[in-house]
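If you want the numbering used here, it's the 1-based position in the sequence shown plus 1060. Note that beta-carbon positions come from the ideal geometry of N, C-alpha and C, so glycine has one too. Owing to the predicted nature of the structure, the values given are computational and were not obtained by experimental measurement.
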Amino acid sequence: MARSILHMLSPSKHVSPFDVNMALDAGFDLIVPYQAVLPGEVGSLVQDAIFSRAPQDGSRTCLFVGGKDAETALDMMAAAKAAFVPPFRLSLFADPSGSFTTAAAMIALVSRRLSDRAGSGIAGRRVAIFGGTGVVAYGAAVLAAGEGARPVLVGHDGADRVARVAAAIGSRFGANVEAADGSTAELRREIIRQAEVVLSAAKAGIQVLSAEDLRHAPKLLLAADVNAVPPAGIAGLEVQANGSPLGDIGQALGIGALAIGNIKYQTELGLFRRILASDQPLAIGLHEAFALASEIAGRG
Ligand SMILES: NC(=O)c1ccc[n+]([C@@H]2O[C@H](COP(=O)([O-])OP(=O)(O)OC[C@H]3O[C@@H](n4cnc5c(N)ncnc54)[C@H](OP(=O)(O)O)[C@@H]3O)[C@@H](O)[C@H]2O)c1
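Written out as structure tokens, the structure reads:
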């Protein structure tokens, strides 16, 4: 069998050491990093890779797309696919900043715990997503909308930037995502007053909601946080929480960063292993990550 090679592309200055470790632990024989890659360079890199190996070894060659921006990563995936010259192809996996697997883990676990608690998942529920211009929030909004929820991306410095993200999601996925200004405590409280689910996907070490803010969320059923660096993104949410009560905040349950991180870790590792086990080239993105995360989270 041909050796497995992972070409790791990032438009950023560095490829992610987390992803390098995970790919090696999954079993790749060789990992080659490429930094500061422009979307326009992806096609020629793909064609350089595919023609050096027999078509049947396309499944032993994988191109991973990292970076810090979901739209750029999705454009790079599309450029890579467009460069295939069948039967010469390779496997593709996009997970910028680990965000697709993280968002997949968060929405899968949130849906599972809502079903346990309230008898139905995220569909139809108002979901406020803090850290709305970030790459994890992007994935969470796409998946929540795809599940029939009503996501709103919350910006910390006004509504303009989150509105642009919501519009980009709408035109790429046909998904309905709203945008809101969360730049003051009053505005944040107004947003969470309507929400049944609150997700914190803000920068590490930033608290977006205080205990006092949470008293203004009478409909809140579940709060989840992906930030593992103290303080918690949502006050009172323990990193290990996995459906336990959120302090003394009414009926709400909490899911912390390590519970989500556990599903995220298994999802990313599982997707690398799936690529290695396949005799056909695979294309893995946000929705494939969500399908596996949902299985792992035990969601029907
Ligand atoms: N649990 C896990 O398995 C896991 C895995 C991966 C990532 N994470 C965590 O997921 C979170 C999101 O990741 P990311 O890569 O999207 O992070 P990010 O790009 O660093 O930040 C996400 C968002 O936070 C916003 N933000 C910055 N300062 C803020 C403030 N003072 N108040 C409110 N929001 C603020 C950013 O706004 P700007 O656009 O203005 O910068 C951006 O919208 C991070 O906490 C990261 O550590 C967790």
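Give a yes or no on whether the C-beta atoms belonging to residue i and residue j are separated by under 7 angstroms.
i, j, result
"L1306", "G1316", "no"
"A1283", "I1323", "no"
"A1154", "V1125", "yes"
"V1187", "V1257", "yes"
"V1237", "A1262", "no"
"V1092", "H1067", "yes"
"P1341", "S1119", "yes"
"I1294", "D1308", "no"
"L1123", "A1142", "no"
"Q1133", "T1121", "Residue 1133 is actually Ala in this sequence, not Gln. Cβ atoms of A1133 and T1121: not closer than 7 angstroms."
"L1313", "A1086", "no"
"A1226", "L1247", "no"
Is residue i helix, strand or coil by DSSP?
i, result
"H1347", "helix"
"N1287", "coil"
"S1354", "helix"
"F1160", "helix"
"R1113", "coil"
"N1302", "strand"
"S1260", "strand"
"G1242", "coil"
"A1143", "coil"
"F1332", "helix"
"A1227", "helix"
"P1099", "helix"
"L1069", "strand"
"G1360", "Any reading at G1360 must be qualified, since the residue scores a pLDDT of 44, below 50, and its modelled position is unreliable; no value is offered."
"I1091", "strand"
"S1076", "coil"
"T1327", "helix"
"I1294", "strand"
"R1172", "helix"
"L1342", "coil"
On the criterion of 16 or more Cβ atoms from any shown chain inside 10 Å, does residue i qualify as buried, or is it exposed?
i, result
"P1278", "exposed"
"R1185", "buried"
"M1061", "exposed"
"V1289", "exposed"
"S1112", "exposed"
"S1260", "buried"
"L1090", "exposed"
"H1074", "exposed"
"P1077", "exposed"
"D1176", "exposed"
"S1070", "buried"
"G1179", "exposed"
"D1339", "exposed"
"G1208", "exposed"
"S1220", "For clarity, residue 1220 is Asp in the given sequence; the question names Ser instead. It counts as exposed."
Among the candidates the options, whose CA atom is the shortest distance from the CA of residue i?
i, options, result
"R1210", "D1220, A1240, A1343, D1217", "A1240"
"L1105", "L1274, R1173, L1150", "L1150"
"A1223", "P1291, E1355, G1242", "G1242"
"G1051", "L1247, G1181, L1152", "Any answer about residue 1051 is impossible in this case: the structure gives the chain only from 1061 up to 1360."
"A1403", "S1338, G1330, A1163, Y1094", "The chain is shown from 1061 up to 1360; residue 1403 falls before or after that span and cannot be answered."
"V1216", "R1232, G1192, P1115", "Sequence check: residue 1216 is His here, not Val. H1216 has its Cα closest to that of G1192, out of R1232, G1192, P1115."
"S1304", "F1148, L1174, N1081", "L1174"
"T1327", "E1348, L1336, D1339, Q1311", "E1348"
"N1081", "A1337, F1332, A1343, E1355", "F1332"
"F1144", "Q1107, A1114, K1128, V1170", "Q1107"
"P1146", "G1310, P1115, D1129", "P1115"
"Y1325", "S1064, D1079, I1065", "D1079"
Using C-beta distances below 7 angstroms, list every residue in its chain close to residue i, excluding the 5 sequence neighbours before and after it, in chain order.
i, result
"G1345", "M1137, A1154, F1160"
"E1131", "A1228"
"M1166", "A1200, L1259, A1284, V1286, I1320"
"F1350", "A1164, I1167, A1168, L1203"
"R1249", "D1273, H1276"
Beta-carbon within less than 6 angstroms of residue i's beta-carbon, same chain only, minus the 5 sequence neighbours each way: which residues are those?
i, result
"I1291", "According to the sequence shown, residue 1291 is Pro rather than Ile. Closer than 6 angstroms at Cβ, skipping near neighbours: Q1267."
"D1117", "A1062"
"G1194", "A1261"
"Q1254", "R1186"
"Y1094", "L1069"
"Q1300", "G1316, L1318"
"F1335", "It should be pointed out that residue 1335 corresponds to Ile in this sequence rather than to Phe. Once the five neighbours on either side are set aside, the close Cβ partners of I1335 are C1122, S1151, L1342."
"F1233", "V1202"
"F1056", "Residue 1056 is absent from the model: the chain starts at 1061 and stops at 1360."
Near residue i, what residues of its chain come up, given a Cβ to Cβ distance below 8 angstroms and the 5 sequence neighbours on each side ignored?
i, result
"A1235", "A1201, V1202, A1205, G1206, I1229"
"I1252", "A1188, V1258, L1269, D1273, L1274, H1276, A1277, L1280"
"P1099", "P1071, T1132, D1135, M1136, A1139"
"A1183", "E1207, G1208, A1209"
State yes or no: is the beta carbon of residue i nearer than 7 angstroms to at least one beta carbon in chain E?
i, result
"C1122", "Of the protein chains in the structure, only one exists, and it is not chain E."
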